[in-house]
Amino acid sequence: MGVGREDVEILKPRIDKREYRRIVIRNSLQVLLISDLDTDKCAASMNHGGRTNAFTASEMINYFFDVNTDCFEEALDWFAQFFIKPLMSANATMREIKAVDSENQKNLLSDAWRMNQLQKHLSLESHPYHKFSIGTKFFVVCEPGTQHMEALLKVVYELYTDYVLKNPFYEMEMPIRFELFDINLTQAVQKDRVALLGR
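Going by UniProt numbering, the residue at position 98 of the sequence shown is 98; the numbering climbs one at a time, nothing skipped.
As structure tokens, this is what we get:
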């Protein structure tokens, strides 16, 4: 499977009886495996530097789920499909653009959000913190069936390329069987990236 193990000391409280292991899979994705014999669920979480869609913050986006143990492998494959081949259908994209715009309209009435945006506006223009933190329907223009949609897909593949994703997996027994995730993220994402971006 092309999995490498790095001997890294994982610090934890003495009362924590769970087992932890850090490995690096063949696409350089770092994986934290957590084994807990007392749990009745499995879970997986993926971080990408960037608050809740999952949840998005200034410096990260986190996608996560948990499910009964007997369904974990199949659910993990479904989870991976978001990063392999996001549907980005015209209807779903327009719904999301409207949702983002509604969130921004709501925040216009919030002093805390307005103060936050003022701080961002006054920050150094070349710094990422200066960027607008939410979005509006005028800011995210994606007319279905046009080059805007293709441009959006390119951004998705650029942002969610496998080397910037980090994954903790949580399951009752270790080592976890995550071959599906490894194969999907390394082969399928790369195939679609090459088709869309030419590299």
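Glycine included, C-beta positions come from ideal geometry on N, C-alpha and C.
- [ ] On a CA-only basis, which of Asp38, Ser28 and Ile134 is nearest aspartate 101? Give me that one, please.
- [x] The shortest C-alpha to C-alpha distance from aspartate 101 to any of Asp38, Ser28 and Ile134 is the one to Ile134.
TODO: Pull up the distance between the alpha-carbon of leucine 32 and that of lysine 131, whole angstroms please.
DONE: Per the coordinates, the alpha-carbon of leucine 32 lies some 31 Å from the alpha-carbon of lysine 131.
Open item on the list: Between the alpha carbons of valine 24 and valine 8, how many angstroms are there, rounded?
Closed with: 11 Å
Task: Residue environment, alanine 80, which counts as buried when at least 16 other CB atoms sit within 10 Å - done: buried
Open item on the list: According to DSSP, is aspartate 70 part of a helix, a strand, or is it coil?
Closed with: helix
- [ ] Would you identify the three-state DSSP class for glutamate 19, choosing helix, strand or coil?
- [x] strand
- [ ] Can you grab the Cα-Cα spacing for the pair alanine 112 / lysine 120, in whole Å?
- [x] 12 Å
Open item on the list: Looking only at its chain, what residues have a beta carbon closer than 7 Å to the beta carbon of isoleucine 10, apart from the 5 residues adjacent to it on each side?
Closed with: Excluding its 5 nearest sequence neighbours in each direction, isoleucine 10 has C-beta neighbours in its own chain below 7 Å: Tyr20 and Arg22, listed in chain order.
TODO: Please name the residue in Ile34, Lys98, Ala43 and Ala99 whose C-alpha comes closest to that of aspartate 70.
DONE: When the alpha-carbon of aspartate 70 is set against those of Ile34, Lys98, Ala43 and Ala99, the nearest one is in Ala43.
Open item on the list: Just to confirm before moving on: does the CB-CB distance between arginine 14 and serine 35 stay below 9 Å?
Closed with: no
Task: Environment of methionine 115 [buried if 16+ CB atoms lie within 10 Å] - done: exposed
TODO: Helix, strand or coil for phenylalanine 132, going by three-state DSSP, please let me know.
DONE: coil
- [ ] Confirm, please, whether the CB-CB distance from aspartate 66 to lysine 106 is below 9 Å.
- [x] No.
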